[in-house]
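In full-length UniProt numbering, the protein residues as written are 1 to 123. Quick reminder that beta carbons are idealized off the backbone N, C-alpha and C, glycines included.
Right, here's the structure in full:
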């Protein structure tokens, strides 16, 4: 019982900290960050669709195929050099994260229709 109460207190403290952090941001600042990522006449949902379409999709290779390429169990594990990340893909991923973060914060502040409101309505 004591451990459960301590865990509950930790969760409550973390929730309070997050609420304080979110309350320190003004709604106008959140709207500004969202508006800067949208095109004219575009809703956040349309912006996410536009950005998602330009994002490169990673092809998943089945495990059996990877194993076959390695040479089976006899193959030695060798570290593969990481590919340099495309700056365009990084920009797209950051824009998607910024739009969803701002929309989520506004959604939690009783802006239920935030994903359907056009950029001009948000101004």
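| Asked | Found |
| --- | --- |
| Might you give, ordered along the chain, the residues of its own chain that have their beta carbon closer than 7 Å to the beta carbon of residue 37, omitting 5 neighbours on each side? | 47, 95, 98, 99 |
| Considering only C-alpha positions, which residue in the set 91, 33, 105 is nearest to residue 21? | 105 |
| Looking at the secondary structure, which residues open and close the alpha helix (DSSP H) in which residue 29 lies? | 27 to 37 |
| Looking only at its own chain, which residues have a Cβ that is under 8 Å from the Cβ of residue 42, when we skip the five neighbours before and after it? | 50, 118, 119 |
| Determine the closest residue to residue 90 out of 107, 71, 55, with distance taken between C-alpha atoms. | 55 |
| Going by other Cβ atoms of all chains shown within 10 Å of its Cβ, with 16 needed for buried, is residue 123 buried or exposed? | exposed |
| Roughly how many angstroms lie between the CA atoms of residue 63 and residue 52, to the nearest whole one? | 27 Å |
| Nearest-angstrom Cα distance between residue 154 and residue 31? | This structure leaves residue 154 out entirely; the chain is present only between 1 and 123. |
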